[in-house]
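Novice: In the numbering used here, the protein residues as written are 1 to 590.
C-beta: ideal position from N, C-alpha, C; glycine also.
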Amino acid sequence: MMTVANRDRMLHVDLSSASVESCPVPEAWRRQFVGGKGLGARYLYDKLDAGTDPLGPENILLFMLGPVSGLLPGETRYAAVTKSPLTGGFLDSYAGGTFPDTLAGALQDHTGILVTGRASEPVKLVVEADGATVEPAETWGQDTAETDAAFPEAAVACIGPAGEQGVAFATIASDGGEHHAGRGGAGTVMGAKRLKAVVVRGEPPTDLAELREQYAKRYREGDTGQWLNASGTVETVDFANAIGALSTRGWEDGQFEGADSVGIEAVQELAAGREYDDADSPGGFRVQTEDGETVPRGATAMSLGAGLGIDDFDAVATLGETCNRLGLDLISAGSAVAWAIKAGDAGLLAESLDYGSPDDARALLEEIVARESTLGDALADGVDAASARLGGDDLLPTVKAMELPAYDPRGARSMALAYATSDRGACHRRALPIEREGFDGNWGPERAAAAVIREQDQRSVLWCLVVDDFVGDAFDDLGAEWLDAVGLDTDGDLATVGERVWTLTRLFNVREGISRADDELPAKLQEPLDSGPNAGAAIDTESFDAMLDEYYRQRGWDADGHPTPETIERLGLADAVDQSTLPADTALGE
Numbered sequence: 001m002m003t004v005a006n007r008d009r010m011l012h013v014d015l016s017s018a019s020v021e022s023c024p025v026p027e028a029w030r031r032q033f034v035g036g037k038g039l040g041a042r043y044l045y046d047k048l049d050a051g052t053d054p055l056g057p058e059n060i061l062l063f064m065l066g067p068v069s070g071l072l073p074g075e076t077r078y079a080a081v082t083k084s085p086l087t088g089g090f091l092d093s094y095a096g097g098t099f100p101d102t103l104a105g106a107l108q109d110h111t112g113i114l115v116t117g118r119a120s121e122p123v124k125l126v127v128e129a130d131g132a133t134v135e136p137a138e139t140w141g142q143d144t145a146e147t148d149a150a151f152p153e154a155a156v157a158c159i160g161p162a163g164e165q166g167v168a169f170a171t172i173a174s175d176g177g178e179h180h181a182g183r184g185g186a187g188t189v190m191g192a193k194r195l196k197a198v199v200v201r202g203e204p205p206t207d208l209a210e211l212r213e214q215y216a217k218r219y220r221e222g223d224t225g226q227w228l229n230a231s232g233t234v235e236t237v238d239f240a241n242a243i244g245a246l247s248t249r250g251w252e253d254g255q256f257e258g259a260d261s262v263g264i265e266a267v268q269e270l271a272a273g274r275e276y277d278d279a280d281s282p283g284g285f286r287v288q289t290e291d292g293e294t295v296p297r298g299a300t301a302m303s304l305g306a307g308l309g310i311d312d313f314d315a316v317a318t319l320g321e322t323c324n325r326l327g328l329d330l331i332s333a334g335s336a337v338a339w340a341i342k343a344g345d346a347g348l349l350a351e352s353l354d355y356g357s358p359d360d361a362r363a364l365l366e367e368i369v370a371r372e373s374t375l376g377d378a379l380a381d382g383v384d385a386a387s388a389r390l391g392g393d394d395l396l397p398t399v400k401a402m403e404l405p406a407y408d409p410r411g412a413r414s415m416a417l418a419y420a421t422s423d424r425g426a427c428h429r430r431a432l433p434i435e436r437e438g439f440d441g442n443w444g445p446e447r448a449a450a451a452v453i454r455e456q457d458q459r460s461v462l463w464c465l466v467v468d469d470f471v472g473d474a475f476d477d478l479g480a481e482w483l484d485a486v487g488l489d490t491d492g493d494l495a496t497v498g499e500r501v502w503t504l505t506r507l508f509n510v511r512e513g514i515s516r517a518d519d520e521l522p523a524k525l526q527e528p529l530d531s532g533p534n535a536g537a538a539i540d541t542e543s544f545d546a547m548l549d550e551y552y553r554q555r556g557w558d559a560d561g562h563p564t565p566e567t568i569e570r571l572g573l574a575d576a577v578d579q580s581t582l583p584a585d586t587a588l589g590e
């Protein structure tokens, strides 16, 4: 049995020269930012100049672990951290499965891999306990499942055709496409570097078994563990539909009349004889179609089912598998198809697509990846880019050019604030206050801001440890007991670590020119819903601006969304900040 890894080194890989070097991580950075998202953000801020092309060789891509990776119960995860080609801002995206577990064993005392440069020909990075090498990639042109199958004795993180073709919302896939670092285009950056795959061989760590079992038991017996093992995340479809917040047919409705056909009741009925289950693993609930394809998460049914008006379970599953094999973020993919349907209806396109047609959806997804038509090429760069090129900028909501997930904030206004202030663009994984406000009635600005901030900071801590979101619910100390077990002292309590990381990602985005104007309310959300419990509901700019003002005040940011000098000093970020890139009224000492 290996001893607990200190994880105080970083593996630097330069694809331009095919060189690999092991470098120490500054101890002060480990204390301040711990690992995962935090440490990745610190490297990204330090290594990139403002305005770096996300698809240029100077951009960096980090595969990050945390100090307790591979030791916790549940599904081990890794963080892909980079500058997003979709938003032009900070990006962290997460995936589980066998890859991060194996990576945790192979990297030993390293906390991650920092990739820079661009290979002259397609390559793969092979990582083993005794070193790493850059080698030619024989699987360029293959989809994610085919690439994974080429290395049956290893764990693989790879891109599919979408990443190779530079689709701005390409994913990094593992386990044959079952798991994805999905949102924001981390796979696009990987493709621009001509890095087809990271192939890893190693034995996962087995330390702290007693502590692991304690937390596994706590998780299994807790509300989140029991809910997740009973339904995966498929039940989120029913929840959002019940409160009138399930975006349907391109955000026109808040309820989907076909939800029963793709929600938990239908899934459990359809799963008879084709369900498998691992009671110790979060997300153990899985369902397979008649063709043996797996329905992974609720987002599939929400974005590719309700969002496109498709109520056939197997058809939705097949669309999800199409995204998985091509290496497409299914949330952005569903939004792209919905935008095309609406644009056709608005007379902006020569062609016309229909809601409820899986064949139309699948054909367009393949067209997007191939970039073989004006429409496919435009949508390959995201909905905002397609709108700028073809018209229709008010057809679907986005924040910082990232398409919104399927929770409609017109059913809970605090969700609009969560989307608008997310550091990577519209995201429900940064904060999900709709789970409470959806039953409480609309909150005032102070309560909404406090709830969003608390969740953002807490989740930032969990992503510094790179903890499965659901297992994190078993923590009552944000993971302090685990950090004590591996001997890592932090600079301040863990709540402060979370706030520090969130503020650093904001400073990165400010340096890239992001300000209050980018924390905007999408025009689509100012239109009333057509039906459901929230029929007629819309979010007005006055109430939204009041929430945003209060959010900035509680964050210690100025009216334009820039962290103030006092906040930067209080969080110990003065040494990290490139003051020359900050707005004049934000610079320290002013």
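1) Secondary structure at residue 502, three-state DSSP: helix, strand or coil?
2) Considering only the alpha carbon of each residue, which of 131, 127, 38, 71 lies closest to residue 216?
3) Just to confirm the assignment, what range does the alpha helix (DSSP H) spanning residue 541 have?
4) Checking contacts by CB at 8 Å: is residue 171 closer than that to chain D?
5) Excluding the 5 residues flanking residue 273 on each side, which residues of the same chain have their C-beta closer than 8 Å to its C-beta?
6) Rounded to whole angstroms, what's the CA-CA distance from residue 18 to residue 134? Just pull it up for me.
7) Hey, how far is the Cα of residue 614 from the Cα of residue 467?
8) Tell me whether residue 407 sits in a helix, a strand or coil according to DSSP, three-state version.
9) In chain order, what are the residue ranges of uninterrupted alpha helix (DSSP H) at least 4 long that sit wholly in the segment 465 to 527?
10) Any heavy atom of the ligand ZN closer than 7 Å to the beta-carbon of residue 24?
11) What three-state label does DSSP hand residue 564 in the structure shown?
12) Alpha carbon to alpha carbon, how far is residue 518 from residue 157? Give it in angstroms, no decimals.
13) Which ranges would you report for the alpha helix (DSSP H) in the segment 163 to 218 if only whole runs of at least 4 residues count?
14) Does the structure place the segment 187 to 204 close enough to the segment 372 to 390 that three or more beta carbon pairs sit under 8 Å?
15) Kindly identify the DSSP beta-bridge partner or partners of residue 253.
16) Would you mind stating whether residue 176 and residue 144 have Cβ atoms separated by less than 8 Å?
17) For residue 462, I'd like the list of residues in its chain whose CB is within less than 8 Å of its CB, leaving aside the five on either flank, ordered along the chain.
18) Exposed or buried, what is residue 100 when buried is set at 16 or more other beta-carbons lying within 10 Å of its beta-carbon?
19) Give the C-beta separation of residue 362 and residue 525 to the nearest angstrom, bearing in mind that I take them to be a contact with Cβ-Cβ under 8 Å.
20) For residue 136, which beta-bridge partners are listed by DSSP?
21) Rounded to whole angstroms, what is the Cα-Cα separation between residue 11 and residue 49?
22) Using three-state DSSP, classify residue 22 as helix, strand or coil.
23) Residues in the same chain with beta-carbon distance under 7 Å from residue 491, minus the five sequence neighbours each way, listed in chain order, please.
24) Among the residues of its own chain, which have a CB less than 6 Å from the CB of residue 339, if the five just before and after it don't count?
25) Go ahead and label residue 153 buried or exposed: buried means 16 or more other beta carbons lie within 10 angstroms of its beta carbon, across all protein chains shown.
26) Measuring only the C-alpha atoms, how far is residue 589 from residue 565?
27) So, is residue 579 buried or exposed, given that buried needs 16 or more other C-beta atoms within 10 angstroms?
28) With a 10 Å radius around its C-beta and 16 neighbouring C-beta atoms as the bar for buried, classify residue 427 as buried or exposed.
29) What are the start and end residues of each continuous alpha helix (DSSP H) run of 4 or more residues lying completely inside the segment 50 to 107, in chain order?
30) Whose C-alpha, out of 546, 423, 446, is nearest the C-alpha of residue 510?
31) By DSSP, does residue 461 sit in helix, in strand, or in coil?
32) Rounding to the nearest angstrom, what Cα-Cα distance links residue 76 and residue 111 in this structure?
33) Is residue 171 near residue 328, with beta carbons less than 8 Å apart?
34) Among the residues of its own chain, which have a CB less than 6 Å from the CB of residue 442, if the five just before and after it don't count?
35) Return the chain-ordered list of same chain residues with a C-beta closer than 6 Å to the C-beta of residue 309, the five sequence neighbours on each side being excluded.
36) Looking only at DSSP bridge pairs, what is residue 11 linked to?
Specialist: A quick look at the data gives this:
1) helix
2) 71
3) 541 to 555
4) No chain D is part of this structure, which consists of one protein chain only.
5) In this prediction, residue 273 has a pLDDT of 46, which is less than 50 and means its spatial position is unreliable; nothing more can be read from the coordinates.
6) 6 Å
7) It is not possible to answer for residue 614, since the shown part of the chain is limited to 1 through 590.
8) strand
9) 480 to 485, 494 to 511
10) What this structure holds is no ligand at all, so the ligand ZN is not there to describe.
11) coil
12) 32 Å
13) 186 to 192
14) no
15) 248
16) yes
17) 469, 472, 475, 478, 479
18) buried
19) That pair is no contact at about 29 Å.
20) 123
21) 21 Å
22) strand
23) 31, 32, 572
24) 383, 395, 396
25) exposed
26) In this predicted model, residue 589 has a pLDDT of only 44, less than 50, meaning its place in the structure is not dependable; the value taken from the coordinates is given anyway. C-alpha separation (whole angstroms): 7 Å.
27) exposed
28) buried
29) 98 to 107
30) 423
31) helix
32) 14 Å
33) yes
34) 413
35) 249, 355, 356
36) 22, 113
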